[in-house]
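No gaps in the numbering here: position 12 of the sequence shown is 12 in full-length UniProt numbering, and each next residue is one more. Below is one structure; the comments refer to it alone.
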Amino acid sequence: MTDRTLDALLADLVIANRILAHEGVLDDFGHVSARDPHDPSRFWLSASRSPELVSRADLLRFDLDGRPEDPGQRRPYLETIVHARLYAARPDVRAIVHHHARAVLPFTVTKRPLRPVFHLAAVLGEAVPVWDSVPEFGDTAMIIADGAVADSHARAMGGGNSLLLRGHGATNAEAGLAAVTFVAVTLRDNAEVQAAAEAMGEVQYLSPGEIALTAKMQMGERPLSRSWEYRRARAGFAGL
Ligand SMILES: [Zn+2]
């Protein structure tokens, strides 16, 4: 018997890989996952290959300790545990992107907070937290391949949808693939615009009231599906 709900989710997960690669958020590294639509203690993520190349046959199902089911010859990403422990910590989260978008990196290594500077970026909240593994774990290889480190990373995100990782990149978590794709692209866009604006002079950031009102509107089903349709077409999947 076919499972149309699961088939649709896995098709969208392949498309999310291609969209985020096409938009330059994911590159040779980084990854995007989705929680299983029937079993919240499982999630789907590609085996280790670049998102531009991911297809249905690469997708594996994992438990919340990052163990794959039936991997065969397919080798998981080293940072699979980032997704596993964030799904464990956040029952509201149904999709996660972990990436190393270059534009966000300056905000991970300076004291300058990443804050929304244009209306769409209200979805990021008032200031994106920065997580550094050094206070708890000292010098590491700077990838998150260990459960305790991944739990620390999940705690640092709190209840928000974005977290910056010092000298590494960022993680985004949302209620679905369209939402997390929108947030990941917008985080990168805001980093670019904010850095350009701050280089020009004094910046007027969005106010807390503007952030609250705009984020609520922007995360509605209609804007998200419009954005998803647009990004999907740009990535070569128009008319599906
Ligand atoms: Zn990483």
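By construction, the Cβ of each residue, glycine as well, lies at the ideal position given by its N, Cα and C atoms. The structure displayed is predicted, hence computed values, not measured ones.
Which whole-angstrom value describes the C-beta separation of residue 169 and residue 123, a residue pair presumed to lie in contact below a C-beta threshold of 8 Å?
-> Wrong, their Cβ atoms sit about 19 Å apart, outside the cutoff.
Determine the contact status of residue 9 and residue 37, defining contact as a CB-CB distance below 7 Å.
-> yes
Whole angstroms is fine: what's the gap from residue 130's alpha carbon to residue 164's?
-> 5 Å
Own chain partners of residue 219 with C-beta closer than 7 Å, once the 5 adjacent residues on each side are dropped | 123 and 179
Hey, would you say the C-beta of residue 246 is under 6 Å away from at least one heavy atom of ligand 1?
-> Because residue 246 is not part of the residues shown, which for the chain are 1 to 240, the question remains open.
Pull up the CB-CB distance for residue 62 and residue 89, whole angstroms please, since I reckon it's below 8 Å.
-> Between residue 89 and residue 62 the Cβ distance is about 15 Å, and since that is not below 8 Å, they are no contact.
Look at the alpha carbon of residue 143 and the alpha carbon of residue 29, and state the distance between them as a whole number of angstroms.
-> 11 Å
Nearest residue (CA-CA) to residue 181, options 162, 195 and 196 | 162
Enclosing beta strand (DSSP E) for residue 60 [first to last residue] = 59–63
Whole-number beta carbon distance between residue 121 and residue 186, since they are thought to touch under 8 Å | 5 Å
Can you tell me the Cα-Cα spacing of residue 19 and residue 226, whole angstroms?
-> 14 Å
For residue 186, write down the residues that DSSP places opposite it in a beta bridge.
-> Beta-bridge pairing links residue 186 to no other residue.
Would you say residue 174 touches ligand 1, meaning its beta carbon is less than 6 Å from a heavy atom?
-> no
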